[in-house]
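Worksheet for the structure shown next.
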Amino acid sequence: VQLQASGGGLVQAGGSLRLSCAASGSIFSINAMGWFRQAPGEQRELVAIISRGGSTNYADSVKGRFTISRDNAKSTAYLQMNSLKPEDTAVYYCTVKIWGRNTYDYWGQGTLVTVSS
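Numbering (the working numbering), first residue to last: 910 to 1026.
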């Protein structure tokens, strides 16, 4: 599975961005798709995950501001980020979990989101 992330950039606090993650390769093996992020000096943390059936899970810090969705026909996941805060600044990585495994084995290249105050 190959993942191509896009949509990062620079935005002012309170603004919005939409990230996309397009999967290719063995797409029929994909169960969950999602996003992690890593800020400078911090560990990588879960942002949001969506199952193939549409069930979602969010980090508490983004609930009510971020929305994850996916288009299974396009093998693409999206992360709509609203009301962005400076603390959302990080490199965002898309990832997938394949059927039969409970680990995130495939990762995109990362896209930088910078939120200025």
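Every residue, glycine too, gets a C-beta built ideally from N, C-alpha and C.
field: Exposure of G1017, with buried meaning 16 or more beta-carbon neighbours within 10 Å
entry: G1017 should be labelled buried.
At least three beta-carbon pairs within less than 8 Å, the stretch 968-987 to the stretch 922-930: Cβ pair count under 8 Å is three or more, so yes.
query: Rounded to the nearest angstrom, how far is the Cβ of V956 from that of A948, given a contact under 8 Å?
result: Their Cβ separation, rounded to whole angstroms, is 11 Å, which puts V956 and A948 out of contact at 8 Å.
message: Could you tell me the alpha carbon to alpha carbon distance between V1005 and N940, rounded to whole angstroms?
response: V1005 and N940 have their C-alpha atoms roughly 7 Å apart.
field: Proximity below 9 Å, CB of V920 to CB of V1024
entry: At the C-beta level, V920 and V1024 come within 9 Å of one another.
query: In terms of DSSP beta bridges, what is R953 paired with?
result: Bridge partners of R953: none, in fact.
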